[in-house]
Amino acid sequence: MFNIFKKKTIEQPKKRKIEQIEKVVKLESISQKVDALVQHNFQRDASSDVQGIGMDSATLKEAYSFGGGYGISPIVMQYFAEQSFIGYQTMSLLAQNWLISKACIIPAKDAIRNGYDITFNSGDDIDIRILDRIRELDKDFKINNNLVELSYFNKVFGIRICMFEIDSTDPQYYEKPFNIDSVKPKAYKGISQIDPVWITPILNSQNASDPSDMDFYVPEYWLVSGRKIHKSHLIIVKGDEVADILKPTYRYGGISLTQKIFLRVYSAERTANEAPMLVQTKRTNVRKTDIAQVNSNIDSFKAGLEAQIALRDNYGTLAIDLEEDVIQLDTSLAEVDTTIMTQYQLVAGIANIPIVKLLGTQMKGFSSGLGEYEAYYQELENEQSYIMTPLLDRHYQLLIKSYIEPEFGFNENATVVWKSVQSMSAKEKAEIQEIKSRTDATLAGIGAIDGEAIQKRIITDPDSGYMGAVIETQESESILSELLDDSENQA
8 MFNIFKKKTI
18 EQPKKRKIEQ
28 IEKVVKLESI
38 SQKVDALVQH
48 NFQRDASSDV
58 QGIGMDSATL
68 KEAYSFGGGY
78 GISPIVMQYF
88 AEQSFIGYQT
98 MSLLAQNWLI
108 SKACIIPAKD
118 AIRNGYDITF
128 NSGDDIDIRI
138 LDRIRELDKD
148 FKINNNLVEL
158 SYFNKVFGIR
168 ICMFEIDSTD
178 PQYYEKPFNI
188 DSVKPKAYKG
198 ISQIDPVWIT
208 PILNSQNASD
218 PSDMDFYVPE
228 YWLVSGRKIH
238 KSHLIIVKGD
248 EVADILKPTY
258 RYGGISLTQK
268 IFLRVYSAER
278 TANEAPMLVQ
288 TKRTNVRKTD
298 IAQVNSNIDS
308 FKAGLEAQIA
318 LRDNYGTLAI
328 DLEEDVIQLD
338 TSLAEVDTTI
348 MTQYQLVAGI
358 ANIPIVKLLG
368 TQMKGFSSGL
378 GEYEAYYQEL
388 ENEQSYIMTP
398 LLDRHYQLLI
408 KSYIEPEFGF
418 NENATVVWKS
428 VQSMSAKEKA
438 EIQEIKSRTD
448 ATLAGIGAID
458 GEAIQKRIIT
468 DPDSGYMGAV
478 IETQESESIL
488 SELLDDSENQ
498 A
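Adding 7 to a residue's 1-based position in the sequence shown gives its number in the numbering used here.
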């Protein structure tokens, strides 16, 4: 009946099971966070309404939420999912930070510092009065300020929208596609730049549903204060492009520098703020005592510590009893500056700006960064080509049609040629001018050019020292003969 020899089984605590439950709860919590992030990032599911076609479930949002089929840890997935669109209001707040603001504004100002030239397709000589009038109108339209603003806010928001103000009697002018022939004399009034929070994209049925359409997920219209504006009236520049599935989340813009950089800036600032705190608290006193006696008379012990704190600083004297033993521990600050600057170096790397340029000072232990400057100059040239040139092309198209053609009867397409982003010293400019003069003499010696051609080059070269000078033809021939004589003497 009963086995009296059987030992009573002692139930062991289910520690392993409890650990498993805690792990599952933790994973479920992480999974919920990832699900919320995925719902924020992906505004639209993959299409699955095609008859007779089995849509792979890997394209659905649920497949991304946990990543189990792809070997991605939910913790890793959560980390990267959190680095998505942060909202334009948040970007505006973050751009107030001094370091983020410098990272956005420095390339904009450097890209236009040396300016650009305007050429025309015909190749004919342009009346100097036309060029002077264009320069005058550029100042009136504040074109340099508009270029800086365009580049700066494109980095802040990841998108910048420019609308050209045209005085038209047609109430549907902006709703119709852009037509340069409809621009009347003096109708061009300026450039208006719109923050993305004030403008709403509108897609049509074709570019919102057909992935094979060339304008898929490219808004046909933008709504501003109740006005529908056709995309052809706008110059829209963007940050780094995102995949189509993310475009609705980004409101059809790109990834901003603010979004990419703010975590690194936060880390750099927090690390820099730790330095003065470490300096103030680097010395720790260890006072050996009998803990049992401390517990028996805690008030007396506290009073002794408070008196010690009040009477001592880093330059003071510490009084102890003959029987007491005090040890001072010092925290080493040898690598603190390196740690701080490493964080700022990461910020500079994301911004594609040399750290010396970004912080405005040579950092201890860092090189002069000449190689970094070469990469930075390439970045500035990209800024000129892909961000600023489209705005200038439309600006001069409207400027010539609205002002230059009615005043001078001149209507040719203008081309923007950017000057080198590298600033030369006075010595380097003089050496280049000497090389140019030798080239002129050589070409004149073989009859390839005459004195008049050399004269035109000199008076249009801003570094020649004779820009805008008026030289008679007889004087130009004299200049040519002098160049030839100098060339023969050097030979």
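Ideal Cβ placement from N, Cα and C applies to all residues, glycine included.
Only a predicted model underlies this, so the values are computations on that prediction, with no experimental measurement involved.
8 Å Cβ shell around residue i - same chain, five flanking residues per side excluded
i      : result
SER307 : none
TYR180 : ILE173 and SER189
GLN350 : ARG271, SER274, ALA275, THR278 and ALA279
ASP63  : Caution is warranted here: a pLDDT of 48 is assigned to ASP63, below 50, making its placement in the model unreliable, and no coordinate value can be reported.
PHE87  : none
LEU450 : ILE456
ILE125 : LEU138, ILE141, TYR403, ALA421, THR422, VAL423 and VAL424
Nonlocal neighbours in the same chain, by C-beta distance under 7 Å from residue i, ignoring five residues either side
i      : result
ILE133 : PHE127
LYS289 : ASP337, THR338 and LEU340
LYS116 : VAL155
ASN121 : LYS426, SER427, VAL428 and SER430
Environment of residue i [buried if 16+ CB atoms lie within 10 Å]
i      : result
PHE2   : A query on residue 2 cannot be resolved here, the shown segment of the chain reaching from 8 to 498 and no further.
GLU381 : exposed
GLN501 : Past the boundaries of the shown model lies residue 501; the chain is included only from 8 to 498, so the question cannot be answered.
GLN96  : exposed
SER55  : Since pLDDT at SER55 reaches only 49, below the 50 mark, its modelled position is unreliable, and no value is offered.
GLN391 : buried
PRO81  : buried
PHE171 : buried
GLU438 : exposed
GLY454 : exposed
GLN462 : buried
ARG136 : exposed
MET84  : buried
ASN152 : exposed
ASN186 : exposed
MET474 : exposed
ILE28  : For ILE28, the predicted model reports a pLDDT of 49, less than 50, meaning its position is unreliable; a value from the coordinates is still stated below. With fewer than 16 Cβ atoms within 10 Å of its Cβ, ILE28 is classed as exposed.
GLY416 : exposed
Secondary structure of residue i, DSSP reduced to three states
i      : result
MET221 : coil
ALA455 : coil
GLU172 : strand
PRO413 : helix
ARG294 : strand
SER471 : coil
LEU340 : coil
GLN335 : strand
ALA421 : strand
ARG234 : strand
ASP124 : strand
THR207 : strand
VAL57  : Because the pLDDT at VAL57 is just 49, under 50, the model does not fix this residue reliably, and the point stays unresolved.
GLY356 : helix
GLN429 : coil
TYR228 : strand
Cβ-based neighbour list, residue i, same chain, cut-off 6 Å, excluding 5 preceding and 5 following
i      : result
VAL423 : TYR123, THR396 and LEU399
GLY61  : Per-residue confidence for GLY61 stands at a pLDDT of 45, beneath the threshold of 50, marking its modelled position as unreliable; the derived number appears in the next sentence. So no residue of the chain qualifies.
PRO184 : HIS237 and SER239
GLY197 : PHE148 and GLU172
Inter-residue CB distance, residue i and residue j (contact presumed, cutoff 8 Å)
i      : j      : result
VAL354 : TYR384 : Not really, about 20 Å apart at Cβ, beyond 8 Å.
SER189 : GLU419 : Between GLU419 and SER189 the Cβ distance is about 19 Å, and since that is not below 8 Å, they are no contact.
VAL249 : GLY261 : 7 Å
ALA110 : ALA279 : That pair is no contact at about 16 Å.
LYS238 : PRO226 : 6 Å
THR207 : ALA102 : About 22 Å; that fails the 8 Å criterion.
SER263 : GLY165 : 3 Å
ILE141 : LEU406 : 7 Å
LEU241 : CYS169 : 6 Å
TYR410 : LEU144 : 6 Å
TYR224 : LYS254 : 5 Å
ILE113 : LYS426 : Contact flag wrong, Cβ pair sits at about 18 Å.
ASN304 : GLN335 : About 25 Å; that fails the 8 Å criterion.
Closest Cα partner of residue i within the set the options
i      : options                           : result
GLU330 : LEU106, ASP297 and ILE347         : ASP297
ASP222 : TYR259, HIS240, PHE160 and GLY246 : TYR259
GLU281 : LEU312, THR346, ASN302 and VAL244 : THR346
GLU388 : ARG294, LYS463, TRP105 and SER158 : SER158
PRO192 : ASP174, ASN186, PRO203 and ASN121 : ASP174
LYS408 : ILE316, ALA194, LYS289 and LYS267 : ALA194
ASP220 : GLY472, ASP251, VAL244 and THR467 : ASP251
GLU414 : LYS295, ALA433, SER432 and LEU138 : LEU138
LEU230 : TRP105, PRO203, SER216 and ASP332 : PRO203
LYS267 : ARG445, LYS434 and ILE107         : ILE107
SER430 : ASP470, GLN352, ILE209 and ALA215 : ASP470
ASN104 : VAL163, GLN300 and THR446         : VAL163
ASP294 : LEU318, PRO283, LEU312 and ILE305 : In the sequence as presented, Asp is not what sits at residue 294; that position holds Arg. Closest by alpha carbon: LEU312.
ASN211 : ILE442, LYS434, LYS436 and TYR228 : TYR228
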